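If you use full-length UniProt numbering, the sequence shown corresponds to residues 1 to 349, in order. Built from N, CA and C at the ideal position, the CB exists for glycine as well. All of these numbers come straight from a predicted model, not from anything done at the bench. Just below is one structure, and these are the notes that go with it.
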Amino acid sequence: MEEALLSLSLSTRVHVANESHNCKDGHAQLAISNPESPPGLMKRFHTGTPGCEEAVPSGTTAVNRLRSTEGVQHILDPKTTCKCGSSCLGPMTFHPRAVGDMICLSEGGRRAERIEDTFKGGVVFTSRPVRTYEKIRLLVEKHVPHWQGALRVGFTNVNPSARSLPLPPFSMPNLTQTSGHWAMPVHESYCQETSVLEFWVTYSGNICVKFQNSGKQRLVANVDVRKPLWAMIDVYGQTCSVLLLGSKTKGFLFKKTSCPGPEPPIRRPSTFSLENTTLSESSDDRTSCLNMEIPADGYCVVCMVRQNDITLPCGHRCLCNHCTPRVLAQFGTCPLCRLVISPPPVMWT
């Protein structure tokens, strides 16, 4: 009996390949071969992107199918792979080299700022490929009204690391007229300062943009999702500065998010000007007196890591320069006393 079981075990044994393989769309696969199968046949499990066929040899019924590939890293560039765990998508930053002539990167590669003297030369790309339905969150930090048009977002199959410099001045039409580039303009009304938007590509190749407290815009772009995709952003026209807030997507069992961004550079303390700040008509003097105590530890009450160097109009000095734009964009209130605050035209000094 033991010999029979041993023989059965040996006959159904499979060998897992030591190396991962890439399918025609560039996404990683796990390769599992069966010694009893005809030569050349190999069972491939794709890491989650549809559209890739798998070759299934006969006699592999004993092979346990992978129930989930959520733990397989989707990051194609090993330099951008993080160690946060299976629920992390990896860092979400701009590519450090493939940037427009008028762009300056800061905040660890998460902020892209174009000089105000021109409306062009603001094309940037993500530093890693993105997934289908990976929603990229973007904060518009600064805009100037004397130009026409605003932000453009899209995707490309061309690896930013392989691009020749300098980049073209426009994503539309310079890049979109070439193979492997798709983009759409975002209306000026959705690109005001502190505006937050999300954009992603669907399995059918459509580009979608969702606006804060608003609807959704879709472009039937026929994006080739079979190949690796990098997000493409054109800091164009009225839009002068954008900040990557991260990305998220729904996994098989749980939600995945990009890993926390790198620490921002140390900035000198700054304060809001009451002259440039608008308080809600429903607020009164009693609101700011609910809790005027400044946190004793001197740290931001949101991230609990950085120095609380921003003083709000209510008198609370409880936020860091890094968290202030996101808190005001998402909530619009002081985290301590809930005073409604409209951010001034310039938040950073």
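Check: Quick one, are the C-beta atoms of Val196 and Ala329 less than 7 angstroms apart?
Finding: yes
**Prompt:** When the Cβ atoms of the stretch 125-133 are set against those of the stretch 181-196, are three or more pairs found closer than 8 angstroms?
**Reply:** Using a Cβ-Cβ distance cut-off of 8 angstroms, the stretch 125-133 and the stretch 181-196 are not in contact, since fewer than three pairs of beta carbons, one from each stretch, lie closer than that value.
Measure the CB-CB distance between Gly122 and Asp234 and report whether it falls below 7 angstroms. yes
| task | Please go through the stretch 148-212 and give each complete beta strand (DSSP E) segment of 3 or more residues, from N-terminal end onward. | result | Whole beta strand (DSSP E) segments, 3+ residues: 152-156, 181-185, 196-201, 207-211.
Open item on the list: Between which two residues does the alpha helix (DSSP H) holding Pro123 run?
Closed with: As written in the sequence, residue 123 is Val, which differs from the Pro given in the question. Looking at the DSSP string, Val123 is not in any alpha helix (DSSP H); the run it does join, the beta strand (DSSP E), is 123-125.
Item to complete: Give the DSSP-derived three-state secondary structure of Thr69 in the structure shown.
Response: Confidence in Thr69 is poor, its pLDDT being 28 and thus under 50, which makes the residue's placement unreliable; the coordinate value appears in the next sentence. Residue state, collapsed to three classes: coil.
- Query: By Cβ distance below 8 angstroms, which residues in the same chain neighbour Lys255 in space, the five residues on each side in sequence not counted?
  - Reply: Ser87, Lys248, Thr249
Do the stretch 162-170 and the stretch 206-215 make contact, defined as three or more Cβ pairs closer than 8 angstroms? no
Can you give me the C-alpha to C-alpha distance between Cys323 and Cys303, rounded to a whole angstrom? 7 angstroms
| task | Please look up how many angstroms separate the CB atoms of Phe94 and Leu244, rounded, as I've assumed it's under 8 angstroms. | result | 7 angstroms
Next on the checklist: Measuring only the C-alpha atoms, how far is Asn308 from Ser214?
Outcome noted: 31 angstroms
message = Whole angstroms are fine: how far does the CA of Asp101 sit from the CA of Arg317?
response = 37 angstroms
- Query: Closest to Gly108 by CA distance: which of Arg114, Met92, Lys142, Met172 is it?
  - Reply: Met92
Query raised in the report: How big is the Cα-Cα spacing for Tyr203 and Lys227?
Result: 12 angstroms
Outcome for Lys216 when other beta-carbon atoms lying within 10 angstroms are tallied against a minimum of 16: exposed
(message) Using a 10 Å radius around the Cβ and a threshold of 16 neighbouring Cβ atoms, would you call Arg110 buried or exposed?
(response) Buried is the call here.
| request: Within its chain, find whatever has a CB closer than 7 angstroms to the CB of Cys191; leave out the 5 residues flanking it on each side and keep chain order. | output: Val140, His143, Ala150, Leu151, Gln238, Thr239
(request) Check Thr257 in the structure and name its three-state DSSP category. (result) strand
**Request:** For the beta strand (DSSP E) holding Gln217, just list the boundary residues, first then last.
**Result:** 216-219 is the span of the beta strand (DSSP E), which, as asked, contains Gln217.
Return the first residue and the last residue of the beta strand (DSSP E) that Arg317 is part of. 317-319
Q: Compare the Cα-Cα distances from Gly85 to each of Ser171, Ser127, Gly180, Cys259 and report the closest residue.
A: Cys259
Give every residue of the same chain whose Cβ lies closer than 8 angstroms to the Cβ of Ile103, excluding the five residues on either side of it in the sequence, and list them in chain order. Correct list, in chain order: Ala112, Glu113, Arg114, Gly121, Gly122, Val123, Val124, Val235.
Have a look at Ser127, Pro145, Val158, Asn157 and flag the residue whose alpha-carbon is nearest the alpha-carbon of Glu116.
Pro145
### Task
Determine the DSSP secondary structure at Leu89, reduced to helix, strand or coil.
coil
task: Give me the Cα-Cα distance between Leu138 and Gly251, rounded to the nearest whole angstrom.
output: 21 angstroms
| Sorted by chain position, which residues of the same chain lie with C-beta nearer than 7 angstroms to Cys334's C-beta, five sequence neighbours on each side aside? | Contacts found: Leu312, Cys314, His316, Ile341.
- prompt: Is Ser179 buried or exposed, if buried means 16 or more other CB atoms sit within 10 Å of its CB?
  reply: exposed
Exercise. Taking just the CA atoms, how far does Gly246 sit from Val305?
Worked result: 18 angstroms
Original post:
How many whole angstroms separate the CB atoms of Ala162 and Leu175, which I take to be in contact at a CB cut-off of 8 angstroms?
Top reply: The Cβ separation is near 14 angstroms, so there is no contact.
ask   = CA-CA distance, Arg128 and Phe331?
value = Using only the alpha carbons, I get a separation of about 30 angstroms.
How long is the line joining the alpha carbons of His181 and Gly154, rounded to whole angstroms? 8 angstroms
Worksheet item: Applying the criterion that 16 or more other CB atoms from any shown protein chain within 10 Å of the CB defines a buried residue, is Val327 buried or exposed?
Response: It is buried - the Cβ of Val327 has at least 16 other Cβ atoms within 10 Å.
DSSP state of Gln249 mapped onto helix, strand, coil:
Per the sequence shown, residue 249 should be read as Thr rather than Gln. In this structure, Thr249 counts as strand in the three-state DSSP scheme.
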